[in-house]
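Take a look at the structure set out below.
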Amino acid sequence: MSQNNSTSNSHTTDVFHFDESKPDFNALANENGFTFWYASTMMNLLGYQSLDTFRKVIQRAISACTSLNIEILDNFVQEKRQINGKSVSDYRLSRFACYLVAMNGDPKKLEVAKAQAYFAAIAEAFRRYVENAEEVERILIRDEISDHEKSLSGIAKEAGVTKYGLFQNAGYLGMYNLHFNKLKKLKGVPENRSPLDFMGKEELAANLFRVTQTEAKMRNEEIKGQANAENAAFEVGKKVRKTMLEISGTTPENLPPSEDIRKVKSAIKSSQKDFAKIDKKSK
Numbered sequence: 000m001s002q003n004n005s006t007s008n009s010h011t012t013d014v015f016h017f018d019e020s021k022p023d024f025n026a027l028a029n030e031n032g033f034t035f036w037y038a039s040t041m042m043n044l045l046g047y048q049s050l051d052t053f054r055k056v057i058q059r060a061i062s063a064c065t066s067l068n069i070e071i072l073d074n075f076v077q078e079k080r081q082i083n084g085k086s087v088s089d090y091r092l093s094r095f096a097c098y099l100v101a102m103n104g105d106p107k108k109l110e111v112a113k114a115q116a117y118f119a120a121i122a123e124a125f126r127r128y129v130e131n132a133e134e135v136e137r138i139l140i141r142d143e144i145s146d147h148e149k150s151l152s153g154i155a156k157e158a159g160v161t162k163y164g165l166f167q168n169a170g171y172l173g174m175y176n177l178h179f180n181k182l183k184k185l186k187g188v189p190e191n192r193s194p195l196d197f198m199g200k201e202e203l204a205a206n207l208f209r210v211t212q213t214e215a216k217m218r219n220e221e222i223k224g225q226a227n228a229e230n231a232a233f234e235v236g237k238k239v240r241k242t243m244l245e246i247s248g249t250t251p252e253n254l255p256p257s258e259d260i261r262k263v264k265s266a267i268k269s270s271q272k273d274f275a276k277i278d279k280k281s282k
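Numbering (numbering that gives the first Met the number 0), first residue to last: 0 to 282.
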């Protein structure tokens, strides 16, 4: 593929190097129907040494794209190509895909931190959300909880739970020392919404652990009956609470609420158009 020189030239006012020792991001763009960067190129720019390791980052970025209901093939196109004489499974990444990849990279890497700052800077209209990699992680964790809640619901039904609301409340009560409705009131959650939609990454991760461990306890101990299931959910929630106190000294009910995840999704999804506009202007 030929390099897209017009892309490089059109961004002379905002030339940015993820790493000063490596070529400029825009200069590495390719053009074949749409402007794209190879994943192997992004791997080097973000300081990763192995494409196999980097594929995990790409898969998380693809999961984020799915969570946002954005067409994957518009942003991630798998391609077999020769690299250093070897046939390698690579990806063509749109500018938006590069953003998602950067946001799912290891923030401890200086190159990743620089890339995240770069993509935040070019998405001016959505700076509040796009500049924060944690918001992308929130979306992924929230979706993962939804999947496990469905699985837990099935296990609870098999165990003879007929009042799932009470079973669910028991888990929250153990973890928060509050009944579900009181927790929603404390966090300012609208009546028809889940408190999970207003939790930050730390709180969501703790709830994911609670749900998966309740699922494991129900299955491994072959718990049966409404009362026994509620007790199990409560005990797991209580242990998660204890662990949080031991590690951070903070109880989950005292963690600050975050922006409505629906608004975050909408803003990040809209930013895809902003990234696409950059490439349209360069042609």
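Glycine residues also receive a C-beta, built at the ideal position from the N, C-alpha and C atoms.
Residue i, buried or exposed, once every other Cβ within 10 Å from all chains shown has been counted against 16
i: G224; result: exposed
i: R141; result: buried
i: I57; result: buried
i: E70; result: exposed
i: D196; result: buried
i: K264; result: buried
i: R80; result: exposed
i: R240; result: buried
i: E110; result: buried
i: I293; result: Only positions 0 to 282 of the chain appear in the structure, and residue 293 is not among them; the question remains open.
i: S49; result: exposed
i: P189; result: exposed
i: G187; result: exposed
Length of the line joining the Cα atoms of residue i and residue j
i: N74; j: G159; result: 45 Å
i: Q212; j: F33; result: 45 Å
i: N191; j: N206; result: 19 Å
i: R209; j: Q115; result: 31 Å
i: A232; j: E201; result: 20 Å
i: K85; j: Y47; result: 19 Å
i: R59; j: I246; result: 27 Å
i: F35; j: L92; result: 5 Å
i: A96; j: L172; result: 40 Å
i: I144; j: N103; result: 18 Å
i: S150; j: E214; result: 8 Å
i: T52; j: A38; result: 12 Å
i: T65; j: R137; result: 14 Å
i: K184; j: M42; result: 45 Å
i: T161; j: E252; result: 28 Å
i: H147; j: E157; result: 15 Å
i: S257; j: A112; result: 22 Å
i: L44; j: A204; result: 29 Å
i: K181; j: S193; result: 13 Å
i: K272; j: N31; result: 19 Å
i: E220; j: L72; result: 43 Å
i: R54; j: A226; result: 44 Å
Cβ shell of residue i (< 8 Å), same chain only, five flanking positions each side left out
i: T40; result: L27
i: A155; result: Y163, F166, M217 and A228
i: R261; result: D196
i: S318; result: Missing from the structure shown is residue 318; the chain here goes from 0 to 282 and no further.
i: K268; result: L67, N68 and I69
i: I222; result: A158, K216, A228 and A231
i: N176; result: R240, T250 and E252
Own chain residues within Cβ distance below 6 Å of residue i, not counting five before or after
i: A101; result: A114, Q115 and F118
i: G236; result: G170, G173, M174 and R209
i: K108; result: G46
i: K238; result: none
DSSP bridge partner residues for residue i (one or two, in chain order)
i: F75; result: L92
i: Q81; result: S86
Own chain partners of residue i with C-beta closer than 7 Å, once the 5 adjacent residues on each side are dropped
i: N168; result: H178 and F179
i: S152; result: Y163
i: L254; result: G199, E201 and E202
i: T249; result: M243
i: A132; result: M102, P106 and Q115
i: S62; result: L139
i: I277; result: R94 and I121
i: P234; result: One point to set straight first is that residue 234 is Glu, not Pro, in the sequence displayed. For E234, where only same-chain residues beyond five positions count, the Cβ hits under 7 Å are G173.
i: D259; result: D196 and F197
Residue i beta carbon near the ligand ADP (any heavy atom closer than 7 Å)
i: D51; result: Summarising the ligand content, the structure contains no ligands, and the ligand ADP is consequently not present.
Any alpha helix (DSSP H) of 4 or more consecutive residues that is wholly inside the stretch 220 to 281: Listed in chain order, the complete alpha helix (DSSP H) runs (minimum 4 residues) inside the stretch 220 to 281 are 225 to 247 and 260 to 280.
- prompt: Which parts of the stretch 149 to 226 are runs of the alpha helix (DSSP H), unbroken and 4 residues or longer, counting only runs that do not cross its ends?
  reply: If one requires a minimum length of 4 residues, the alpha helix (DSSP H) runs lying completely within the stretch 149 to 226 are 163 to 175, 179 to 186 and 200 to 219, in chain order.
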